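Undergrad: Take this structure, written in structure tokens, and hold onto it; I'll ask about it next.
Chains as they are written, first to last, in the working numbering: chain C, 1 to 415; chain U, 1 to 281.
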């Protein structure tokens with residue numbers, strides 16, 4: 001069995017130490033400006049990566065983050081695990097119970113706010129690929145679908161935080177946004193799984209129809225039979241094993257099993273992790289306290305490693321393309337906001353409440369970054385497009401709270 | 001509170017106990033009583049009904065309606081036609097797998113009734129006033145009415161303990177997105193989340209006469225109906241009062257259970273669903 005040598009072990013440990021400590025420091029800085037940790041962690045990656053450290057002290061950067069060798073491979077392994085775990089907690093956040101409670105209204109908001117930006121993103125990318133300096137014609141369809149999906153997704157954890165800060169988390173509007181973001185997550189990841197398969201990087205890629213059916217079939221199976229099995233197993237685990245140790249290790253075990261299964265059948269591992277998260281999170285036996293513990297564990301250890309790693313592979317200054325950034329921002333601020341606002345109006349909300357929903361739903365975050373990172377790794381998008389996605393994510397995060405606050409000023413009473 | 005009460009009966013071994021309960025409920029609310037029987041209607045049945053009513057002491061302010069056809073549909077249609085405020089029926093605590101998906105009479109009534117419904121799991125001949133009651137102050141346009149009905153019953157029956165249960169929605173998500181706070185801030189958020197819910201219940205209680213009642217406001221988190229059923233079981237409560245949901249439930253609600261579906265699947269005790277729609281209509 002190959003093992004890391006003495007210096008590689010030291011290197012790996014220092015990498016983890018530097019990433020986690022600077023990530024924390026920058027997350028704290030973001031906190032001071034009332035921004036989520038993810039903003040600080042991406043900045044930490046930019047500082048540690050070729051953009052700053054690599055430009056000013058290339059030797060230190062090379063020494064700390066070698067691009068080849070065992071420690072680089074092991075760090076990549078950590079990051080792969082982090083992505084799977086991030087998708088797992090994204091799934092845990094999807095509470096089907098809340099979705100059912102919100103009923104038709106949430107369906108209107110989610111579908112319209114998914115379809116309008118998706119179609120807008122698709123059309124602009126399909127007909128004007130030159131805007132994105134995109135030259136690979138063979139992947140144009142997949143690329144157009146990818147941009148559409150990025151535009152359509154809403155970042156549930158970020159929007160939940162904004163709603164809490166604005167003290168509208170538990171209002172009718174707040175719950176509507178949360179439920180709609182949950183539906184978008186579920187549908188968005190099924191679409192992205194299809195896109196991943198269409199990228200065709202996997203040598204054993206399935207046909208499009210097979211991917212769609214397997215993805216939907218796996219989702220339905222996990223949410224019915226799978227959830228039933230989880231409902232049988234969890235009371236036993238909670239009663240007989242140490243808490244929360246037993247629950248934590250077995251939850252992650254089933255997450256990895258689901259991820260391995262979907263990877264094996266030809267759809268990406270992250271999809272399995274996400275759906276397992278949804279099934280587990282929807283179980284009546286998974287307490288809110290247990291959810292909180294799983295979240296804390298992953299959000300504070302694995303999430304920073306992933307978000308910082310993003311900055312390690314890209315020079316943000318040379319990949320900064322204002323034109324692409326502006327196109328994405330315009331698409332997000334016109335079509336995503338418009339779609340969600342129209343959906344909320346269709347759902348019976350007042351004009352200003354609907355606009356607040358529109359700005360709330362235009363909050364991008366973790367999932368878009370993961371989606372972009374995977375697409376970048378698979379060679380679907382360029383560094384410039386990825387940087388533009390990151391900028392769009394950060395701008396929408398920063399803008400959503402003040403814009404929602406402004407709209408809510410005109411809403412007579414909080415309901 | 002409930003001016004017209006109906007009770008759905010069949011000539012089963014539970015008939016006499018159900019009629020005894022109907023008698024007490026009629027007296028409790030000082031109301032008219034309608035007896036609904038779906039099934040055969042022979043002369044023999046008439047005599048059987050007459051003697052049963054006599055035995056239960058039900059003679060005044062009573063109307064008997066005989067119907068035939070699908071029991072749940074017929075019962076609900078009579079309630080609509082007769083403008084019934086409260087329908088009383090018996091139910092088994094647990095539903096088997098087939099009934100859960102196809103729906104027993106009792107569950108169909110619970111899911112589809114347009115009026116308030118009292119489902120009795122263990123009707124008894126002897127007076128058996130509720131000792132520990134739970135009111136769900138949650139997710140229903142009629143939560144306030146449920147509290148009013150619950151406190152009224154609690155006072156009349158001198159209930160020993162009245163729990164009013166309120167849920168913190170998405171507690172796990174709320175706490176996890178608050179993880180970028182200091183320990184003190186986090187515990188403050190946790191405390192505030194609970195206090196906000198207690199305050200909502202306290203505000204409702206200000207409008208209600210609760211004199212002499214021992215009230216405990218309990219805040220729970222988790223899957224709403226499931227945790228509520230757990231709470232009823234834990235506190236050995238004998239009556240659960242909930243407001244009717246804002247929509248009727250269908251097969252999807254059974255496949256992906258939520259809220260009251262958890263309760264319907266496995267009734268923890270007698271359940272009263274407060275639904276004053278008929279009044280408004």
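Beta carbons: idealized from backbone N, C-alpha and C, even for Gly.
All of these numbers come straight from a predicted model, not from anything done at the bench.
1. Kindly list the residues whose CB is nearer than 6 angstroms to the CB of residue 274 of chain U, restricted to its own chain and excluding five residues on each side of it in sequence; keep chain order.
2. Chain C beta carbons: is any one of them nearer than 8 angstroms to that of residue 119 of chain U?
3. List the whole-angstrom C-beta distance separating residue 36 of chain U from residue 5 of chain U, where the pair is believed to meet the contact cut-off of C-beta under 8 angstroms.
4. Do you know how far the Cα of residue 114 of chain U is from the Cα of residue 410 of chain C?
5. Tell me which residue opens and which closes the beta strand (DSSP E) that residue 95 of chain C is part of.
6. Check this for me: beta carbons of residue 131 of chain C and residue 323 of chain C, under 8 angstroms apart or not?
7. Can residue 197 of chain U and residue 168 of chain U be called in contact, C-beta distance under 8 angstroms?
8. Name, please, each residue of chain C whose Cβ falls closer than 7 angstroms to the Cβ of residue 175 of chain U.
9. Is it buried or exposed, residue 406 of chain C, if we count other Cβ atoms within 10 angstroms and call 16 or more buried?
10. Go ahead and pull the three-state DSSP assignment for residue 89 of chain U.
11. Can you list, in chain order, the residues of its chain with a C-beta nearer than 6 angstroms to that of residue 255 of chain C? Leave out the 5 residues immediately preceding and following it.
12. Using only the alpha-carbon positions, how far apart do residue 132 of chain U and residue 151 of chain U sit?
13. Determine, using beta carbons only, whether residue 259 of chain U comes closer than 8 angstroms to chain C.
14. I need the straight-line Cα distance from residue 186 of chain U to residue 192 of chain U, nearest angstrom please.
15. Contact criterion: CB-CB distance below 8 angstroms. Does residue 2 of chain C meet it with respect to chain U?
16. Got a sec? Which residues, its chain only, sit under 7 angstroms from residue 94 of chain U by beta carbon, not counting five neighbours each side?
17. Indicate whether residue 89 of chain U and residue 121 of chain U have their beta-carbon atoms separated by less than 8 angstroms.
18. For residue 132 of chain U, which beta-bridge partners are listed by DSSP?
19. For the beta strand (DSSP E) holding residue 213 of chain C, just list the boundary residues, first then last.
20. Thinking C-beta only, is residue 171 of chain U closer than 8 angstroms to residue 288 of chain C?
21. Return helix, strand or coil for residue 8 of chain U, following the three-state DSSP convention.
22. Starting from the Cα of residue 130 of chain U, find the closest Cα among U/110, U/163, U/109, U/112 and give me that residue.
23. If we count Cβ pairs, one from each stretch, closer than 8 angstroms, do we get three or more for the region 150–161 of chain C versus the region 173–185 of chain U?
24. Should residue 401 of chain C and residue 162 of chain C be called a contact, given that it needs their Cβ atoms to be closer than 8 angstroms?
25. From residue 69 of chain C to residue 211 of chain C, what does the alpha carbon distance come to, in whole angstroms?
26. Could you name the residues of chain U that residue 169 of chain C contacts, counting a contact when the two beta carbons are closer than 7 angstroms?
27. Counting only Cβ-Cβ distances shorter than 8 angstroms, please list the residues of the region 101–115 of chain C near chain U, keeping chain order.
28. With 16 as the cutoff for other CB atoms within 10 Å, does residue 345 of chain C come out buried or exposed?
29. Which residues in the same chain have their Cβ closer than 7 angstroms to the Cβ of residue 108 of chain U, if we skip the five residues on either side of it in sequence?
30. Counting C-beta neighbours from all protein chains within 10 Å, is the total for residue 57 of chain C 16 or more, i.e. buried, or is it exposed?
31. Using a Cβ-Cβ cut-off of less than 9 angstroms, give me the residues of the region 207–227 of chain U that come near chain C, in sequence order.
32. State yes or no: is the C-beta of residue 248 of chain C within less than 8 angstroms of the C-beta of residue 294 of chain C?
33. In or out: residue 113 of chain C buried (at least 16 other Cβ within 10 Å) or exposed?
34. Would you call the region 78–94 of chain C in contact with the region 30–37 of chain C, where contact means no fewer than 3 C-beta pairs closer than 8 angstroms?
35. Give the straight-line distance between the Cα atoms of residue 147 of chain C and residue 232 of chain U, rounded to the nearest whole angstrom.
36. Within 8 angstroms, do at least three Cβ pairs link the region 277–287 of chain C to the region 4–22 of chain C?
TA: So, to answer that:
1. Working through the second chain from its first residue, we reach residue 274 of chain U at position 274. Excluding positions up to five away in sequence, the list reads 116, 142, 145, 146, 149, 243.
2. Position 119 of the second chain, counting from 1, holds the residue named residue 119 of chain U. Cβ-Cβ to chain C under 8 angstroms: no for residue 119 of chain U.
3. As a working note, residue 36 of chain U is residue 36 in the second chain. As a working note, residue 5 of chain U is residue 5 in the second chain. Your pair residue 36 of chain U and residue 5 of chain U does not check out as a contact, with CB atoms roughly 11 angstroms apart and the cut at 8 angstroms.
4. Looking up residue 410 of chain C in the first chain gives position 410. Looking up residue 114 of chain U in the second chain gives position 114. Taking the straight line joining both Cα atoms gives about 37 angstroms.
5. Your numbering for residue 95 of chain C matches position 95 in the first chain. Careful: residue 95 of chain C lies outside any beta strand (DSSP E) and carries neither H nor E.
6. Here the question's residue 131 of chain C lines up with position 131 in the first chain. Here the question's residue 323 of chain C lines up with position 323 in the first chain. In contact: residue 131 of chain C and residue 323 of chain C (Cβ atoms closer than 8 angstroms).
7. Residue mapping note: residue 197 of chain U aligns to position 197 of the second chain, counting from 1. Residue mapping note: residue 168 of chain U aligns to position 168 of the second chain, counting from 1. Yes.
8. Position 175 of the second chain, counting from 1, holds the residue named residue 175 of chain U. By Cβ distance, chain C contributes 292.
9. As a first step, residue 406 of chain C must be located in the first chain, where it is residue number 406. With fewer than 16 Cβ atoms within 10 Å of its Cβ, residue 406 of chain C is classed as exposed.
10. On the second chain, residue 89 of chain U is found 89 positions in, with the first residue counted as 1. It is a strand residue.
11. Residue mapping note: residue 255 of chain C aligns to position 255 of the first chain, counting from 1. Cβ neighbours of residue 255 of chain C beyond the five flanking positions: 88, 273, 276.
12. Translated into the one-based positions of the second chain, residue 132 of chain U becomes position 132. Translated into the one-based positions of the second chain, residue 151 of chain U becomes position 151. Approximately 12 angstroms, taken between the alpha carbons.
13. Residue 259 of chain U sits at position 259 when you count from the first residue of the second chain. True, the Cβ-Cβ gap to chain C drops below 8 angstroms.
14. Numbered from its first residue, the second chain carries residue 186 of chain U at position 186. Numbered from its first residue, the second chain carries residue 192 of chain U at position 192. Each residue's alpha carbon lies about 10 angstroms from the other.
15. Taking the first residue of the first chain as position 1, residue 2 of chain C is located at position 2. By this cut-off, residue 2 of chain C is not an interface position.
16. As a position in the second chain, residue 94 of chain U is number 94, starting the count at 1. Taken in chain order, the residues that qualify are 266.
17. For the purposes of this step, residue 89 of chain U is taken as the residue at position 89 of the second chain. For the purposes of this step, residue 121 of chain U is taken as the residue at position 121 of the second chain. No, the pair does not count as a contact, with Cβ atoms beyond the cut-off.
18. As a first step, residue 132 of chain U must be located in the second chain, where it is residue number 132. Answer by DSSP bridge pairing, in chain order: U/161.
19. Taking the first residue of the first chain as position 1, residue 213 of chain C is located at position 213. That residue, residue 213 of chain C, is in no beta strand (DSSP E); its alpha helix (DSSP H) goes 208–221.
20. Within the first chain, the letter at position 288 stands for residue 288 of chain C. Within the second chain, the letter at position 171 stands for residue 171 of chain U. Cβ atoms of residue 288 of chain C and residue 171 of chain U: closer than 8 angstroms.
21. Indexing the second chain from 1 puts residue 8 of chain U at position 8. The answer is strand: DSSP assigns residue 8 of chain U an E or B state.
22. Looking up residue 130 of chain U in the second chain gives position 130. In terms of Cα proximity to residue 130 of chain U, the closest of U/110, U/163, U/109, U/112 is U/163.
23. yes
24. Position 401 of the first chain, counting from 1, holds the residue named residue 401 of chain C. Position 162 of the first chain, counting from 1, holds the residue named residue 162 of chain C. Yes.
25. Here residue 69 of chain C is taken as the residue at index 69 of the first chain, counted from 1. Here residue 211 of chain C is taken as the residue at index 211 of the first chain, counted from 1. Distance between the alpha carbons of residue 69 of chain C and residue 211 of chain C is about 35 angstroms.
26. Mapped onto the first chain, residue 169 of chain C falls at position 169. In chain order: 174.
27. 101, 103
28. Here residue 345 of chain C refers to the residue found at position 345 of the first chain. It is buried - the Cβ of residue 345 of chain C has at least 16 other Cβ atoms within 10 Å.
29. Indexing the second chain from 1 puts residue 108 of chain U at position 108. Excluding residues within five positions, the ones whose Cβ falls inside 7 angstroms are 72.
30. Locating residue 57 of chain C in the first chain gives position 57, where the first residue counts as 1. Residue 57 of chain C is exposed by the Cβ-count criterion.
31. 221, 222, 223, 224, 225, 226, 227
32. For the purposes of this step, residue 248 of chain C is taken as residue 248 along the first chain, with counting starting at 1. For the purposes of this step, residue 294 of chain C is taken as residue 294 along the first chain, with counting starting at 1. Yes, these two residues count as a Cβ contact at 8 angstroms.
33. Stepping through the first chain from its first residue, residue 113 of chain C is reached at position 113. Using a 10 angstroms sphere on the CB of residue 113 of chain C, the tally of other CB atoms reaches 16 or more, which defines it as buried.
34. no
35. Sequence index remark: in the first chain, residue 147 of chain C carries index 147 (1-based). Sequence index remark: in the second chain, residue 232 of chain U carries index 232 (1-based). Straight-line Cα distance between these residues: approximately 50 angstroms.
36. Taking one beta carbon from each stretch, the region 4–22 of chain C and the region 277–287 of chain C have fewer than 3 pairs nearer than 8 angstroms; the two do not touch.
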